[in-house]
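Sequence positions in the sequence shown follow this note's numbering and run 3 to 170.
Reviewing the structure listed below.
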Amino acid sequence: MLFAGIGFALAAGGALCVTGPNGVGKSSLIRIAAGLLRPVEGAVTREGDVALLSEMHALDPERPLALALRYWIGARTEAALAAVGLAEAAAVPVRLLSTGQRRRAGLARVIGTEAPIWLLDEPANGLDAAGVALLEAAVADHRAKGGIAVVATHLPLALPGAQMLALG
Numbered sequence: 003m004l005f006a007g008i009g010f011a012l013a014a015g016g017a018l019c020v021t022g023p024n025g026v027g028k029s030s031l032i033r034i035a036a037g038l039l040r041p042v043e044g045a046v047t048r049e050g051d052v053a054l055l056s057e058m059h060a061l062d063p064e065r066p067l068a069l070a071l072r073y074w075i076g077a078r079t080e081a082a083l084a085a086v087g088l089a090e091a092a093a094v095p096v097r098l099l100s101t102g103q104r105r106r107a108g109l110a111r112v113i114g115t116e117a118p119i120w121l122l123d124e125p126a127n128g129l130d131a132a133g134v135a136l137l138e139a140a141v142a143d144h145r146a147k148g149g150i151a152v153v154a155t156h157l158p159l160a161l162p163g164a165q166m167l168a169l170g
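Here is the structure:
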């Protein structure tokens, strides 16, 4: 068993930052919160749609970035690309994007879903300082609009007022 006795509740505008070294269950907790894994005991209760950002960005590598995103978020694609600084990469096939650009593209997909609950698994991995600043700004904006963010990370992120959960 990776962890036991974990419980948290988040209201509109709230955030939970799950920290700990690799292998302690941060990603598993995110997958449980997303409904992709079942908890051995207990339950997960969510109100509202969930958007998940994980290592798998879920974008077709052969399609241009804008078309790959449009599959998921439709007409919100251009605004989401602009929000993460990728408007100029709209015509570039996903497979040709750098690691950091693919991470920002995954964040654009999350932004464009307009889901009230964001589950972000190691969202800063592969991002440079400017990318981390974009991520932090996107999460802050989401929370300011009443959204909720659960962020699993082993890297420092600015999440003012977030509840903290240290695993391991």
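All residues carry an ideal CB built from backbone N, CA and C; glycine is no exception.
Asked	Found
Residues bridged to residue 95 [DSSP beta-bridge criterion]	66
With 16 other Cβ atoms within 10 Å as the buried cut-off, status of residue 101	exposed
Residues bridged to residue 21 [DSSP beta-bridge criterion]	155 and 168
Assigned exposure category for residue 141 - 16 Cβ within 10 Å defines buried	buried
Element boundaries [beta strand (DSSP E), containing residue 123]	119-123
When 104, 153, 75 and 28 are compared against residue 119, the one with the closest alpha-carbon	153
Paired residues, beta bridge with residue 150 - DSSP	119
Beta-carbon gap between residue 112 and residue 31 smaller than 8 Å	no
Counted within 10 angstroms of its Cβ, other Cβ atoms place residue 46 as buried (16 or more) or exposed	exposed
Member of 18, 70 and 114 whose CA lies at the smallest distance from the CA of residue 160	18
Selection from 114, 20 and 89 that minimises the alpha carbon distance to residue 52	114
Proximity of residue 183 and residue 103 at Cβ, strictly below 8 Å	With the chain covering only 3 through 170, there is no way to say anything about residue 183.
Meets three-Cβ-pair contact criterion under 8 Å: the region 80-96 and the region 57-72	yes
Assigned secondary structure, residue 129 (DSSP; H/G/I helix, E/B strand, else coil)	coil
Residue(s) in a DSSP beta bridge with residue 52	119
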